[in-house]
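All remarks here apply to the structure that follows.
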Amino acid sequence: MSIFVVRHADRELGDFPSPEVPMSDQPISAVGRKRAERLLEFFKDIEIATIRASKYVRTEQTIKPLAESKGLPVARDPRLNEINVGEAAKLSDEELRAGFPEFWKLYKERRQARVYEAFLELDPGANHIMVAHDGIIRTLVCKVLGLPPHMRHLFRIVFCSITVFDRSAEFGCWTMTRMNG
1218 MSIFVVRHAD RELGDFPSPE VPMSDQPISA VGRKRAERLL EFFKDIEIAT
1268 IRASKYVRTE QTIKPLAESK GLPVARDPRL NEINVGEAAK LSDEELRAGF
1318 PEFWKLYKER RQARVYEAFL ELDPGANHIM VAHDGIIRTL VCKVLGLPPH
1368 MRHLFRIVFC SITVFDRSAE FGCWTMTRMN G
């Protein structure tokens, strides 16, 4: 069985403050809605047990048509929320690591731990969908593949793409079988 990790669809430009989340909560754009509709075709013949999304409106809007077609609720999970490091976002990883080593250590451990914890809670005997953000998905890919978190900058996750993880019975671990599909 598989865990399908979907990046939210293209978002509207602008600032959309929300008391629910710490960063701008942009809805998906018209282009994003068209891309999200393609998810219906991809998942048409795939049985899904659960759908989880971050608390941002764009993740729920991305998956809502599919969830409705499958008759499934969308569970909102803050562990899938966008990475928010406040003013540290203005610094490169190298600047953070050199200037704030304690913060860097806690930041990378917490970020990888929260998304991986949500991932591991899912029953590997069923198919699941998680809808999240670029940084969260790249961090999860690094954790699953055993890469250090700073290597997440070596790849990008495109809007409304699907990254697929399968549990390998042969090797007893998770494998990534699709990225940016």
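Okay, so the sequence shown: first residue is 1218 according to the numbering used here, each after it adds one.
Even glycine gets a Cβ: it sits at the ideal position worked out from N, Cα and C.
Limits of the unbroken alpha helix (DSSP H) element including residue i
i	result
R1395	Unbroken run through R1395 is the beta strand (DSSP E), C1390 to R1395; no alpha helix (DSSP H).
For residue i, the residue or residues it bridges with in DSSP
i	result
I1259	With the sequence shown as reference, residue 1259 is identified as Phe, and Ile is not the correct amino acid for it. Beta-bridge pairing links F1259 to no other residue.
M1347	V1222 and R1269
Anticipated Cβ contact below 8 Å, residue i with residue j, distance rounded
i	j	result
V1348	W1391	Wrong, their Cβ atoms sit about 18 Å apart, outside the cutoff.
T1380	I1353	No, T1380 and I1353 are not in contact; Cβ-Cβ is about 11 Å, not under 8 Å.
A1225	T1279	For clarity, residue 1225 is His in the given sequence; the question names Ala instead. Indeed they touch by this definition, with Cβ atoms about 5 Å apart.
I1268	A1284	5 Å
From the options, residue whose alpha carbon lies closest to that of residue i
i	options	result
V1274	I1245, P1282 and Y1333	I1245
K1281	P1295, D1310, D1262 and K1251	K1251
L1257	E1237, A1270 and S1286	S1286
P1366	E1277, L1289, D1310 and E1254	D1310
V1238	A1266, V1223, F1260 and R1296	R1296
S1219	P1236, S1235, Q1243 and I1263	I1263
Opening and closing residue of the beta strand (DSSP E) in which residue i lies
i	result
V1361	Not the beta strand (DSSP E): V1361 falls in the alpha helix (DSSP H), residues D1351 to L1362.
Buried or exposed (CB count within 10 angstroms, at least 16 for buried), residue i
i	result
G1249	buried
H1350	buried
N1298	buried
A1315	exposed
L1337	exposed
R1228	buried
The ligand PLP heavy atom lying under 8 Å from the CB of residue i
i	result
R1275	The ligand PLP is absent from the structure shown, which contains no ligands of any kind.
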